[in-house]
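Participant:
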Amino acid sequence: MPFVMGTVMTIEFDIRFGQELCDVFSAELGLVCSFMGEEGRIVASSLRERVGTTHVIAAKIMRGEMDEYGVSAEEAAKSTGMREGVNMGVDFEGARLINFGIAGPLATVRPLARIVRFCVTSLLRIRQEETTIVAAFARETGGIGKQMIEIAEDIDEVAGRVADQQVLLTDLQRGIRDLSGSNERIVEAVSDTLAGAQAASNEAAESQKRVRHSLGDIDQVVRMVTDGRGLLLDLQNAMGSVVNVANGIGQIARQTNLLALNATIESARAGEHGKGFAVVATEVKELSRKAGIASAEIRKTLEGLTTTAGRLVEQGDESATRASGLTRETTAIAGTIDHIRVSLADIAGQVEQVTGDATVIRDSSSEMIAEIDKAAAGLGAFEGRLNGARARLQDLLNAGERLVVLTAEAGIETPETPFVAQVRDKAREISSILEREVSEGRISPEVLFDEGYSPVVGSNPPQFQAGFADLTDRLFPSILEGVLESNPRIVFCAAVDRNGYLPTHNRKFSHPQGPDPVWNAAHCRNRRKFDDEVGLKAARSTNPFTVQSYRRDMGSGKMALMLDVSAPITVNGRHWGALRIGYV
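This is the structure in structure tokens:
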């Protein structure tokens, strides 16, 4: 028989305990006793065949018309329906809970009845205290559970960041090692460069010496070319003088030839006397002819020599010009080589400095690699401890959820009790509705249990269409919205099939999708699959109810601490899915 204590818990007489007590009285003392509830109906008795019958006196006692009624031996002897004994009301916290009746000598059974009353009330008080403790413990566990969820989520966040840091450290390790390897190669390359630069600097110094030596040779050549040009000019002038002499000889030869011609004419006039003179004239003429020929040959030869000398002079001028330019260029080359030598020496010094710096970097990189390796090892160990703590917290959460279930099954009022009762009641209602739809032929079992989910093209997050979605859109909203509006703590109420597919959601979560996937995740939750651990546990559990706690992703980067109670939905004995209520 129930006794309600305010709005906190219900105290109920334990009929099984009453029956056991009656059996003990019968077996040990040979006495007949019974417990009667409302309207005097017998709920436990030494005579089991009397269970369910009504006792008139007990009915009056339960209605409060009297507290106790004893039947003496005399009264029993006068009555055909009564036996000697006593009926006694058992009160608890000012309310009548049960009636105890026992037959036998009044002087014997009245004290026994009072002892039974005392034992029953004491046991009820103990149970009340136990119930209060369990309820308080359940409430505290619920609060601790929420804190554990928050801690677990914080650990998850920290673990995620640690994992990210582990990845970054791994990348950093790889990068540092690559950098160290590159630096080693740089040290080697710089060392080779330093040797090359020093060799090049030495070679440049030698080249500068050779160029300066060549510059002296070139200057000497220029002087020789200039001197040769002067000699050629002197030769050209001398040949000009010889040409003039040859021209004079030619002129003399022509005059001599003319004189020889005159002498020949005069010798002819002289006759015999001029024959000797004619011979002389002939010889002079011949000499004049040969002198003219020789003069012509000399002139011709000298003209050729003069022309050649002129060309030599021109070539000498050009050679002198080129030699002068070569001198300037060689001087410039010498200056450039000197500049190169200085630059190479400077480069060699800088490369040597770079070599020293690279060596320092290499040594520092080695030390840094050791430190990073140590940090990575420590971070890995910390990540392991975090994962262990997260696992232990999850075990605690699971234990807390089981405690909520056990307290609810035991009839102990907790903050979760109204939600458990509501989800079970509405799950049964949905089961009945779906069974009616099947029986009346509006949907076939094959379609109702169809698992061929068709993706909605372009949806983000992905949405799916199922053959029964239109039916749930027609049947479920009134139930879901009624639950949502029944308590301000309720955040959502939705039915899912055994795969976590949610065809129909509350209206506030059933907007058409837009271009922003973050907004869609928060406002477009119908036609979605919630096949995460919590979602599948709720969807696939066949227990009378399931209680879970978690943080729900509400979209837009918002996480809400949520308690989730669910109850199975069955259709003609076949598990379809579950009704879920999420509340804070």
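For the sequence shown, the numbering used here assigns the number 584 to the initial residue and increments by one for each residue that follows.
Idealized CB from N, CA, C, for every residue including glycine.
Note that the structure is predicted; figures quoted are calculated from it, not measured.
1) Could you tell me how far apart the beta carbons of residue 784 and residue 894 are, in whole angstroms, since I believe they sit closer than 8 Å?
2) In three-state terms, what does DSSP make of residue 1157?
3) Helix or strand or just coil, what does DSSP make of residue 1002?
4) Assuming residue 622 and residue 637 make a contact with CB atoms under 8 Å, what is their CB distance in whole Å?
5) What's the C-alpha gap between residue 1148 and residue 1129?
6) Could you check what DSSP says for residue 830 in three-state terms: helix, strand or coil?
7) With a cut-off of 8 Å on the beta carbons, I'd call residue 1239 and residue 833 a contact; round off their distance for me.
8) Output the boundary residues of the beta strand (DSSP E) element that contains residue 1039.
9) Specify the secondary structure class of residue 932 as computed by DSSP and reduced to three states.
10) Less than 8 Å between C-beta atoms, sequence neighbours within five positions excluded: which residues of the same chain meet that for residue 656?
11) Kindly indicate which residue of 807, 872 and 830 has the alpha-carbon position closest to the one of residue 904.
12) Is the beta carbon of residue 1066 closer than 8 Å to that of residue 1131?
13) Say whether the segment 1093 to 1101 touches the segment 1066 to 1084, bearing in mind that this needs 3 or more beta-carbon pairs closer than 8 Å, one atom from each stretch.
14) Apart from the five residues just before and just after residue 961, which ones in its own chain have a Cβ nearer than 8 Å to its Cβ?
15) Measuring CA to CA, which of 662, 948, 767 and 704 is closest to residue 676?
16) Following the continuous alpha helix (DSSP H) through residue 1167, name the residue where it begins and the one where it ends.
17) Any idea what DSSP makes of residue 630, helix, strand or coil?
18) With 16 other CB atoms within 10 Å as the buried threshold, where does residue 604 fall?
19) Identify the continuous alpha helix (DSSP H) that holds residue 1061 and give its terminal residues.
20) Using only the alpha-carbon positions, how far apart do residue 1167 and residue 601 sit?
21) Per DSSP, residue 1151 is paired with what?
22) Would you identify the three-state DSSP class for residue 978, choosing helix, strand or coil?
23) For residue 1145 and residue 1038, what's the separation of their Cα atoms in angstroms?
24) How many angstroms separate the CA atom of residue 588 from the CA atom of residue 1088?
25) For residue 719, count the other beta carbons within 10 Å of its own beta carbon; 16 or more makes it buried, fewer makes it exposed. Which is it?
26) Output the distance between the C-alpha atoms of residue 1061 and residue 1013, rounded to the nearest integer angstrom.
27) Between residue 1086 and residue 1051, is the Cβ-Cβ spacing less than 8 Å?
28) Please report the straight-line C-alpha distance between residue 1159 and residue 1023, rounded to a whole angstrom.
29) List the whole-angstrom C-beta distance separating residue 769 from residue 952, where the pair is believed to meet the contact cut-off of C-beta under 8 Å.
30) What distance in whole Å lies between the Cβ atoms of residue 746 and residue 1020, which are believed to be in contact at a cut-off of 8 Å?
31) Roughly how many angstroms lie between the CA atoms of residue 930 and residue 751, to the nearest whole one?
32) Hey, would you say residue 1046 sits closer than 8 Å to residue 1111, going by beta carbons?
33) What is the DSSP secondary structure of residue 675, reduced to helix, strand or coil?
34) Should residue 639 be labelled buried (16 or more other beta-carbon atoms within 10 Å of its own) or exposed?
35) Going straight from the alpha carbon of residue 597 to that of residue 706, what length do you get?
36) Provide the residue span of the beta strand (DSSP E) that contains residue 619, from first to last.
Facilitator: The short version:
1) For the purposes of this step, residue 784 is taken as residue 201 along the sequence shown, with counting starting at 1. For the purposes of this step, residue 894 is taken as residue 311 along the sequence shown, with counting starting at 1. Rounded, the Cβ-Cβ distance is 47 Å, inconsistent with contact.
2) For this step, residue 1157 is matched to residue 574 along the sequence shown. Residue 1157 falls in the strand class under three-state DSSP.
3) Along the sequence shown, one-based indexing puts residue 1002 at 419. In the structure shown, residue 1002 sits in a helix (DSSP, three-state: H, G or I).
4) Taking the sequence shown and counting its residues from 1, one reaches residue 622 at position 39. Taking the sequence shown and counting its residues from 1, one reaches residue 637 at position 54. Right, the Cβ-Cβ distance comes to about 6 Å (below 8 Å), so this counts as a contact.
5) Counting from one through the sequence shown, the residue named residue 1148 turns up at place 565. Counting from one through the sequence shown, the residue named residue 1129 turns up at place 546. Distance between the alpha carbons of residue 1148 and residue 1129 is about 6 Å.
6) In the sequence shown, residue 830 corresponds to position 247, counting from 1. Residue 830 falls in the helix class under three-state DSSP.
7) The structure shown does not extend to residue 1239, since the chain is modelled only from 584 through 1167, so no value can be given for it.
8) As a first step, residue 1039 must be located in the sequence shown, where it is residue number 456. Taken as a continuous stretch (DSSP letters only), residue 1039 belongs to no beta strand (DSSP E), as it is neither H nor E.
9) Indexing the sequence shown from 1 puts residue 932 at position 349. Residue 932: helix per DSSP, three-state reduction.
10) Within the sequence shown, numbered from 1, the residue matching residue 656 stands at position 73. Result list for residue 656: 667, 688 and 689, in chain order.
11) Working through the sequence shown from its first residue, we reach residue 904 at position 321. Here the closest residue by C-alpha is 807.
12) For the purposes of this step, residue 1131 is identified with residue 548 of the sequence shown, where counting begins at 1. For the purposes of this step, residue 1066 is identified with residue 483 of the sequence shown, where counting begins at 1. No. Outside cutoff.
13) no
14) For the purposes of this step, residue 961 is taken as residue 378 along the sequence shown, with counting starting at 1. The answer is none, since no qualifying residue turns up.
15) As a first step, residue 676 is located in the sequence shown; it is residue number 93 there, counting from the start. Comparing Cα-Cα distances from residue 676 to each of 662, 948, 767 and 704, the minimum goes to 704.
16) Sequence index remark: in the sequence shown, residue 1167 carries index 584 (1-based). It is not in any alpha helix (DSSP H) - residue 1167 carries neither H nor E in the DSSP assignment.
17) Reading the sequence shown from its first residue, position 47 is the one you call residue 630. Coil at residue 630, not helix or strand.
18) Translated into the one-based positions of the sequence shown, residue 604 becomes position 21. By the neighbour-count rule (16 or more Cβ atoms within 10 Å), residue 604 is buried.
19) As a working mapping, residue 1061 is identified with position 478 in the sequence shown. From DSSP, the alpha helix (DSSP H) with residue 1061 extends over 1060 to 1069.
20) If you number the sequence shown from 1, residue 1167 lands on position 584. If you number the sequence shown from 1, residue 601 lands on position 18. Between residue 1167 and residue 601, the C-alpha separation is close to 41 Å.
21) Here residue 1151 refers to the residue found at position 568 when the sequence shown is read from its first residue. According to DSSP, residue 1151 bridges with 1161.
22) Here residue 978 refers to the residue found at position 395 of the sequence shown. Helix, per DSSP.
23) Translated into the one-based positions of the sequence shown, residue 1145 becomes position 562. Translated into the one-based positions of the sequence shown, residue 1038 becomes position 455. Spanning the two alpha carbons is a distance of roughly 28 Å.
24) Within the sequence shown, the letter at position 5 stands for residue 588. Within the sequence shown, the letter at position 505 stands for residue 1088. Residue placement at residue 588 is flagged as unreliable, the pLDDT there being 36, under the threshold of 50; a coordinate-derived value is accordingly withheld.
25) As a working note, residue 719 is residue 136 in the sequence shown. So residue 719 ends up on the exposed side.
26) Residue 1061 sits at position 478 when you count from the first residue of the sequence shown. Residue 1013 sits at position 430 when you count from the first residue of the sequence shown. The straight-line gap from Cα to Cα measures roughly 11 Å.
27) Sequence index remark: in the sequence shown, residue 1086 carries index 503 (1-based). Sequence index remark: in the sequence shown, residue 1051 carries index 468 (1-based). Going by C-beta atoms, residue 1086 is nearer than 8 Å to residue 1051.
28) If you number the sequence shown from 1, residue 1159 lands on position 576. If you number the sequence shown from 1, residue 1023 lands on position 440. Cα to Cα, residue 1159 sits roughly 18 Å from residue 1023.
29) Locating residue 769 in the sequence shown gives position 186, counting from the first residue. Locating residue 952 in the sequence shown gives position 369, counting from the first residue. Not really, about 16 Å apart at Cβ, beyond 8 Å.
30) For the purposes of this step, residue 1020 is identified with residue 437 of the sequence shown, where counting begins at 1. For the purposes of this step, residue 746 is identified with residue 163 of the sequence shown, where counting begins at 1. Rounded, the Cβ-Cβ distance is 48 Å, inconsistent with contact.
31) On the sequence shown, position 347 is the one that residue 930 refers to. On the sequence shown, position 168 is the one that residue 751 refers to. Roughly 38 Å between the two C-alpha positions.
32) The residue labelled residue 1046 in the question sits at position 463 within the sequence shown. The residue labelled residue 1111 in the question sits at position 528 within the sequence shown. The answer is yes: Cβ separation under 8 Å.
33) Position 92 of the sequence shown holds residue 675. Here residue 675 sits in strand by DSSP.
34) Stepping through the sequence shown from its first residue, residue 639 is reached at position 56. Label assigned to residue 639: exposed.
35) Translated into positions along the sequence shown, residue 597 becomes position 14. Translated into positions along the sequence shown, residue 706 becomes position 123. Roughly 10 Å separates the two Cα atoms.
36) Taking the sequence shown and counting its residues from 1, one reaches residue 619 at position 36. First-last of the beta strand (DSSP E) with residue 619: 615 to 619.
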